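Counting in my numbering, the sequence shown runs from 1283 upward without gaps.
We put the beta carbon where it would ideally sit given N, CA and C, even for glycine.
Just so you know, these numbers come straight off a predicted model, no measurement behind them.
Structure first, then comments.
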Amino acid sequence: MCGIYPETMDKDQIRDRAKSHPDIDPAVGDLVVSGLFVWLSPRLPGTAAAYLALPDEVDVTSLFEGLPGWRWVLPRVEDDGALTFRDREVPREIHRFGMEQPVQQGTATPTHEIDVFLVPGMAFDGTGARVGRGAGYYDRLLAERRSDAVAVGVATDIKLIESVPFYEHDQRVDWLATESGVRECSPKT
């Protein structure tokens, strides 16, 4: 794990530190996506929730063409603050927070239909604890997933830290994908 984050940092301090990282190098992002491709390939195709990357996130959209048997859905932040998922083919718009998202068109994919969640984050630790952007969208979403649905944190090695503060409402990811590979998390018990 990256040792540049003191263990005493709270989530806001971790976010502030993460914002100083450079945007994702496309070559490093390609390594992360290659590992995800290898990890997803032997699994039966199902429904995967991806995301449209901000500059400091790994762009996973090449998986759409690389794994065409999968149904890919993308997140949309609704006016009420809920995170819903729409088919990747739906036209897109820019949300007021600056991220690209599907327009409110067609039927939202129910959370229980999603088999794999690719989850971006500003920092992760080896237990699967995550620091997001602070709105709790993914925590609420992952709390509603099926027990056999898998959440994969997608980041680069620089975003792996020793310890992320973890609270009752937080949700862990099951796997971490970085340029070093895809590995299962070891949650604290």
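Alpha carbon of residue i to alpha carbon of residue j, nearest angstrom
i     : j     : result
L1322 : S1302 : 31 Å
R1370 : L1345 : 12 Å
R1353 : V1372 : 13 Å
S1468 : G1388 : 38 Å
R1428 : H1394 : 6 Å
V1472 : D1430 : Since the first residue of the chain shown is 1283 and the last is 1471, residue 1472 is not available in this structure.
R1325 : V1342 : 17 Å
R1465 : D1305 : 23 Å
R1422 : T1438 : 24 Å
I1443 : A1330 : 26 Å
E1347 : A1405 : 28 Å
P1350 : G1403 : 25 Å
M1283 : R1374 : The pLDDT assigned to M1283 is 46, lower than 50, so where the model puts this residue is not dependable; a value taken from the coordinates is nonetheless given after this. Near 36 Å, if we compare the C-alpha coordinates of R1374 and M1283.
E1461 : P1327 : 23 Å
G1418 : V1320 : 30 Å
G1408 : V1355 : 27 Å
G1463 : R1454 : 18 Å
Cβ-Cβ separation, residue j to residue i (assumed contact under 8 Å), whole Å
i     : j     : result
A1433 : F1399 : 4 Å
A1411 : D1452 : 7 Å
T1366 : A1390 : 4 Å
V1413 : G1435 : That pair is no contact at about 10 Å.
Residue environment, residue i, which counts as buried when at least 16 other CB atoms sit within 10 Å
i     : result
I1225 : Any question about residue 1225 goes unanswered here, given that the chain covers just 1283 to 1471.
I1286 : Bear in mind that a pLDDT of 49 at I1286, under 50, signals an unreliable position, so the number given afterwards is only what the model happens to contain. Exposed, by the Cβ-count rule.
A1459 : buried
P1308 : exposed
I1376 : exposed
Y1420 : buried
P1392 : exposed
E1450 : exposed
V1340 : buried
D1292 : exposed
D1294 : exposed
P1357 : buried
G1385 : In the sequence on display, residue 1385 carries Val and not Gly. Exposed, by the Cβ-count rule.
Please confirm if the stretch 1370-1382 is in contact with the stretch 1306-1313, defined as three or more CB-CB distances below 8 Å between the two stretches. no
Would you call the stretch 1358-1367 and the stretch 1293-1308 in contact, with 3 or more CB pairs under 8 Å? no
Any chance you could list the alpha helix (DSSP H) runs of at least 4 consecutive residues sitting entirely within the stretch 1311-1340, in chain order? none
Write down every uninterrupted run of the alpha helix (DSSP H) in the stretch 1382-1427 whose length is 4 residues or greater and which is fully enclosed by it, in chain order. 1419-1425
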